[in-house]
Amino acid sequence: MEVSANLIQGLSAAGNTHAVPDDCFHPLVESACQGILTESHNIGGRLKKLDEDVCKEVYGCMSLLIAEATKTDADVNSLTSLLEECNFSKDRIKTFLEVFHENKPFLQVLLANTTESLPHIVDVKWRLDYYIKSNQLERIHQPVYLLTLLSEVPGEKKLKELSFSCTVEQLQSLVNKLRDATRSLQRIAQV
Numbered sequence: 001m002e003v004s005a006n007l008i009q010g011l012s013a014a015g016n017t018h019a020v021p022d023d024c025f026h027p028l029v030e031s032a033c034q035g036i037l038t039e040s041h042n043i044g045g046r047l048k049k050l051d052e053d054v055c056k057e058v059y060g061c062m063s064l065l066i067a068e069a070t071k072t073d074a075d076v077n078s079l080t081s082l083l084e085e086c087n088f089s090k091d092r093i094k095t096f097l098e099v100f101h102e103n104k105p106f107l108q109v110l111l112a113n114t115t116e117s118l119p120h121i122v123d124v125k126w127r128l129d130y131y132i133k134s135n136q137l138e139r140i141h142q143p144v145y146l147l148t149l150l151s152e153v154p155g156e157k158k159l160k161e162l163s164f165s166c167t168v169e170q171l172q173s174l175v176n177k178l179r180d181a182t183r184s185l186q187r188i189a190q191v
């Protein structure tokens with residue numbers, strides 16, 4: 001499992017018994033797992049005796065390691081070698097692996113449900129109006145398109161509406177840009 005030098009440095013601080021005493025290590029790993037699962041970053045009572053900066057660093061690095069290990073489905077050997085590289089004792093490695101494997105199924109379900117999908121346009125409603133005059137100008141005499149894009153947002157049941165108006169030239173420009181984007185995506189898909 002490949003990780004950044006900053007993560008190794010933060011994990012080395014978590015492996016240091018002077019920075020994180022043995023009685024604080026299990027609550028640290030447990031808090032990091034629960035922080036990912038519940039999105040509540042509640043630091044337990046035992047962790048409050050740690051230096052605030054050290055606590056933030058090791059909590060963040062521990063959370064990142066847990067998320068990365070879950071994402072890559074890291075095995076025991078790769079995690080053990082990484083933690084040994086960060087000067088973790090055998091007891092700390094055992095504690096980390098126990099807490100991680102206890103929470104791993106829940107973390108995998110959470111990762112499976114996490115998406116970064118953009119909204120998909122599923123329908124377009126349009127209407128052509130002809131503006132004769134407005135409250136700023138006396139005479140306009142120009143056709144205007146009123147468009148409503150209906151998009152499906154992942155995780156939401158209702159369709160989201162985006163309404164706007166544009167002139168004929170602006171609509172032609174929009175159509176051309178959408179065609180260019182479609183061609184670009186088709187080229188990328190063929191590669």
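Going by full-length UniProt numbering, the first residue of the sequence shown is number 1, and it counts up by one from there. Just so you know, even glycine gets a beta-carbon here, dropped at the ideal spot from N, CA and C. Keep in mind that this is a model prediction, so the values were computed, not measured.
In the three-state scheme derived from DSSP, where H, G and I count as helix and E and B as strand, residue 143 is classed as strand. Of the other Cβ atoms in all chains shown, 16 or more fall within 10 Å of the Cβ of residue 14; this residue is therefore buried. With contacts defined as CB atoms closer than 8 Å, residue 74 and residue 36 fail to qualify as a contacting pair. Here the C-alpha atom of residue 170 lies approximately 14 Å from the C-alpha atom of residue 179. Annotation: the segment 57 to 110 contains the following complete segments of the alpha helix (DSSP H) (minimum length 4 residues), in chain order: 76 to 85. Counting only residues of its own chain and dropping the five nearest sequence neighbours on each side, residue 108 has a CB closer than 7 Å to the CB of 70. The beta carbon of residue 175 sits closer than 6 Å to none of the beta carbons in its chain outside the five residues before and after it. Nearest C-alpha to residue 33 among 102, 49, 80 and 7: 102.
Taking C-beta atoms as the reference points, residue 147 and residue 159 fail to come closer than 8 Å. Taken through DSSP and simplified to helix, strand or coil, residue 51 comes out as coil.
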